[in-house]
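S.K.: Structure below; questions to follow.
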Amino acid sequence: MVKLHREIQSFYERAKPKESDDAIRKQALHRVKLVILGVWPFSDVKVYGSFATGLYLPKVSDVDVAILGDGLGNSGHFRTLSAALRSSGITKYVEHVGRARVPILKFKEHQSGIQFDNRFGLNQQLRAAELISDVRASYPCFAPLYLLLKAYLDEKNLNEVYGSGGINSYTLFVMLYILLQVHPDGSQTLSESGLGYLWASFLQFYGRSLNVQDYGVSCARGAHFFLMAHRNFKVPLQPYLLAVEDPFLPGNDIGKASFNFRKIQSAFMKTFDLLILSHVQKGSAFLFRQAFPWLATNF
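Under the UniProt record's numbering, the sequence shown has 107 at position 107, and the numbering climbs by one with no breaks.
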């Protein structure tokens, strides 16, 4: 799959953030910070998630912001911030997602058009950003595959847990990190041809090979699989969910929120079959030009 490897490399070069993308986001973040600090001058505003690690898709990824401060985080503070954001003119509409495991405020920054997700408090997110940066440095194939998977899930509207029951960036990171640790090509350099095999292997493993009713996955203390019967991860009415252990909170299943995993699994299987069929029939996988025209034209 040398041609597929090259096409993924080409996608990555087009899709990865440029200096101009970083500049636009930093300016938008500065405007948002001014509003927050205008309400709580004593607070500390931190960025986490894909913008913090540099692994974001400029056209679709949001900016994750955490507001730190003693006593901050009750429902009244969410209402106060929502009102301040609207009155500042920085946005017209703010959505309070209070039913999520971690409540957030979602809004689109008016000048840049960038989506922001604001929350109060920050637990393991900074540690997660450090781990992601370490993995990126240790596994040359990680960044291209990670952005490809993010774009792939976005194209299928399965990149958000809230509303669509998709896979969020953190869960996706753990899934990919596990594959890279156990796959013989996981630590290859980008000068080799492993990207195509790894992409196909990810789709095959999570789409078809893994028995999610009996086994879960974890990268805590090294990549490994565990019997669901030995953990309290199984959701009785949803045995088809993928159990993914949080590396920083052992016992916490970050996969159970992806309630649409059957649809995700089906998409993975269909894409894997398409890649293999096209490789056999055409002698190449023609990933973007024919199989995924949306990815080819939007990045």
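The beta-carbon is built from N, C-alpha and C at its ideal position, and this holds for glycine as well.
As the structure is a computational prediction, the values presented were derived from the model and not from experiment.
Run the CB neighbour count on S209, radius 10 Å, all protein chains shown included, and call it buried at 16 or more, exposed below.
M.R.: Exposed, since its Cβ has fewer than 16 Cβ neighbours within 10 Å.
S.K.: Using 8 Å for Cβ pairs, my map puts residue 300 next to L131. What's the rounded Cβ distance?
M.R.: Missing from the structure shown is residue 300; the chain here goes from 1 to 299 and no further.
S.K.: Taking 8 Å as the cut-off, does the segment 87-103 touch the segment 149-158 (at least 3 CB pairs, one atom from each stretch)?
M.R.: The segment 149-158, when compared against the segment 87-103, does not touch it at the 8 Å Cβ threshold.
S.K.: Compare the beta carbon distance of L195 and P250 with 8 Å and say whether it is the shorter of the two.
M.R.: Contact: no.
S.K.: Does DSSP put Q115 in a helix, a strand or coil?
M.R.: Correct three-state label for Q115: strand.
S.K.: Mind reading off the beta-carbon distance from G43 to L81? Whole number of angstroms is fine, and I expect it under 8 Å.
M.R.: Checking the sequence shown, residue 43 turns out to be Ser, not Gly. That pair is no contact at about 10 Å.
S.K.: Please report how far the alpha carbon of F11 lies from the alpha carbon of P236, in whole angstroms.
M.R.: Answer to the nearest angstrom: the Cα atoms are 40 Å apart.
S.K.: Considering only residues of the same chain and omitting the five flanking positions on each side of M228, which have a CB-CB separation below 8 Å?
M.R.: Within the same chain, M228 has close Cβ partners Q213, D214, Y215, G216, K234 and A243.
S.K.: Can you tell me the Cβ-Cβ gap for Y48 and L122, rounded? I've got them flagged as a contact below 8 Å.
M.R.: 7 Å between Cβ atoms; contact.
S.K.: Around the C-beta of N74, are 16 or more other C-beta atoms found within 10 angstroms, so that it is buried, or is it exposed?
M.R.: Flag for N74 reads exposed.
S.K.: What distance in whole Å lies between the Cβ atoms of V161 and N168, which are believed to be in contact at a cut-off of 8 Å?
M.R.: Indeed they touch by this definition, with Cβ atoms about 5 Å apart.
S.K.: Our contact map puts L148 next to I8 with C-beta atoms below 8 Å; I'd like the distance itself, whole angstroms only.
M.R.: That belief holds up - the Cβ atoms of L148 and I8 are roughly 6 Å apart, short of 8 Å.
S.K.: Among V63, R262, G98 and T171, which has the Cα closest to the Cα of E109?
M.R.: For E109, the nearest C-alpha among the options comes from V63.
S.K.: Looking at the unbroken alpha helix (DSSP H) that takes in D21, where does it start and where does it end?
M.R.: Unbroken alpha helix (DSSP H) run through D21: E19 to V39.
S.K.: Please go through the same chain and pick out, in chain order, the residues whose beta-carbon is closer than 7 Å to the beta-carbon of I90, but skip the five residues on each side of it.
M.R.: Answer for I90: R31, V32, V35, E109 and H110, listed in chain order.
S.K.: Which residues share a DSSP beta bridge with F226?
M.R.: Its beta-bridge partners are G216.
S.K.: Just the Cα atoms here: how many angstroms apart are L116 and G98?
M.R.: This sequence places Phe at residue 116; Leu is not what is there. One C-alpha to the other measures close to 16 Å.
S.K.: Should D253 go down as buried or exposed, given a rule of 16 or more other Cβ atoms within 10 Å for buried?
M.R.: Answer is buried; the Cβ neighbour count reaches 16.
S.K.: Taking P58 as the reference, give the member of I24, P41, A84 and S88 with the closest Cα.
M.R.: Taking only the C-alpha atoms, the option nearest P58 is I24.
S.K.: Could you tell me the boundaries of the alpha helix (DSSP H) in which K150 lies?
M.R.: K150 -> alpha helix (DSSP H) spans F142 to E155.
S.K.: Expressed to the nearest angstrom, what Euclidean distance is found between the alpha-carbon atoms of C141 and K256?
M.R.: Whole-angstrom Cα-Cα distance: 27 Å.
S.K.: Can you check the segment 151-215 for any alpha helix (DSSP H) of at least 4 residues that lies completely inside it and give the ranges in chain order?
M.R.: As far as the segment 151-215 is concerned, its whole alpha helix (DSSP H) runs of at least 4 residues are 169-182 and 194-204.
S.K.: Express the C-alpha separation of G54 and L274 in angstroms, rounding to a whole number.
M.R.: The straight-line gap from Cα to Cα measures roughly 31 Å.
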